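Protein sequence lines correspond, in order, to chains A and B. In short: position in the first sequence from 1, add 173, done, that's our numbering. In short: position in the second sequence from 1, add 173, done, that's our numbering. For each residue, glycine too, the CB sits at the ideal point set by N, CA and C. Just so it is clear, the structure is predicted and the values come from calculations on it, not from any experiment. Quick notes on the structure that follows.
Protein chains: 2
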Amino acid sequence: MTKAEKTRIFIVEKTAPIFNMKGYAGTSLNDITAATGLTKGSIYGNFANKDEVALAAFDYNLKNVSSKIDAEMNKQRSIKDKLLVYIDIYQKFIDGSVSEGGCPVLNTAIDADDTHPELRGKVLKAVLDWKNKIAKLVEAGIAGKEIDADQDPEQIALTIIAMVEGGIMISKLTSKVEYWSLIMGSLKKYVESLG
Amino acid sequence: MTKAEKTRIFIVEKTAPIFNMKGYAGTSLNDITAATGLTKGSIYGNFANKDEVALAAFDYNLKNVSSKIDAEMNKQRSIKDKLLVYIDIYQKFIDGSVSEGGCPVLNTAIDADDTHPELRGKVLKAVLDWKNKIAKLVEAGIAGKEIDADQDPEQIALTIIAMVEGGIMISKLTSKVEYWSLIMGSLKKYVESLG
DNA sequence: ACTAAAATATACCGATCGGTATTTATTAGG
DNA sequence: CCTAATAAATACCGATCGGTATATTTTAGT
């Protein structure tokens, strides 16, 4: 790995939480140099512009959360347990024990959907991939008789994502983990009612 | 009503959708003068600074949506129907027939929670008021035997808000009204299962 | 160790940022 | 209609914005 490649990764690691908290417009080049200790010349030696840093930061934040989800899902045997891994994982994003700025999908969706087409494209793909992944899980659950055959996999996927993301918004804003627990209690009941 | 009061309202009306779409950091004074046709001097003759415009814009956006919700709720007789008015109202915010930038509560919560304490305080209050309002409706539903007595009003309130806001995020990002319909189908089932 | 290439720092660019002091135009009351 | 008060426009402020050309340092292959 060349020096520039290392620096690129370093810049992304250091700025990803900032973009997640402040958003694209709210994160300045000064924020980036301050977080990395590097100069503007060095940043622009490794990235064409601020957009490229923001896009790379989103990829990094997304991979960070989705790899944790994948790892936790692999530990679970039943489909229903797999569908419920979000509860524990996202709690850490809310109560500060992981400490970033919440879910990058939610943050970037709201931040970019009316302002930044390229970033919007990335988060759009992330949501659709997420939906398809859950839908496939549900299909597997139906095939394995764990979930009733009359259930709509896409509807279930969208409902789960909505509850999770809406729950994150509420819990992060209010700083109330109890709210997260209550909403996730409803999610648990919902998943258990599927079959 | 004095001229200045009219101008203040005019400025808020014209800039509220911009703040809702672009967020606080993403909305510049140039955006404000362009949207109003006024000059910077005139803006600052009516507002102390950009913060004051943003705060007034949030109040305006919030009142706009909540008054529509109140009006629609008053048309409904049963508690369950009252709890389901969000379905039709927010659809208009998503499919463009009302054309703003989505739900101001969601947008401002994500935009301000890590960056703008004053704005965060306003949206925090809005969410808590919203939660309490739904919880009171549920309590009335329990009193009127429409909803089972073992249901937790706060949990129901939080769950409904999470599904609505999460659903808005997904549907607005993907521009798919079908997704909204599917998620709201789950909400309908949820509300009907309450008693 | 030497050197060419790669990477970082320095210094600077015009544009835009939020904000203000002052001047001009408009409003409303007598 | 005149005038004092109010409101809006003009012109300007320093700071910061994203970005770049150039100089300096560091890296890595021989």
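| query | result |
| --- | --- |
| Same chain, Cβ closer than 6 Å to Ala230 of chain A, five either side skipped, listed in chain order | Val185, Thr188, Ala189, Phe192 |
| Which listed residue (A:Arg181, A:Thr209, A:Gly368) has its alpha carbon closest to that of Gly314 of chain A | A:Gly368 |
| Cβ separation of Glu319 of chain B and Ser251 of chain B, assumed to be a contact under 8 Å, to the nearest whole Å | 6 Å |
| Same chain, Cβ closer than 6 Å to Ala282 of chain B, neighbours up to 5 away in sequence not counted | Val296 |
| Any 3 or more C-beta pairs closer than 8 Å across the region 191-207 of chain A and the region 235-249 of chain A | no |
| Local conformation of Lys265 of chain B per DSSP, three classes | helix |
| Leu211 of chain B - DSSP class collapsed to helix/strand/coil | coil |
| N- and C-terminal bounds of the alpha helix (DSSP H) containing Thr332 of chain A | 326-347 |
| Per-residue burial, Ser270 of chain A [other beta carbons within 10 Å of its own, 16 or more giving buried] | exposed |
| Any chain B beta carbon closer than 8 Å to Asn237 of chain A | no |
| Beta-carbon spacing of Val311 of chain B, Ala330 of chain B below 8 Å | yes |
| Enclosing alpha helix (DSSP H) for Leu256 of chain A [first to last residue] | 252-256 |
| CB contact flag (Ile267 of chain A, Ser344 of chain A, <8 Å) | yes |
| Neighbour list for Ala198 of chain A in chain B, Cβ cutoff strictly below 8 Å | Lys195, Gly196, Ala198, Gly199 |
| Interface positions of the region 330-358 of chain A facing chain B (Cβ-Cβ less than 8 Å), listed along the chain | Leu331, Thr332, Ile334, Ala335, Met336, Val337, Glu338, Gly339, Gly340, Met342, Ile343, Lys345, Leu346, Thr347, Tyr352, Leu355, Ile356, Gly358 |
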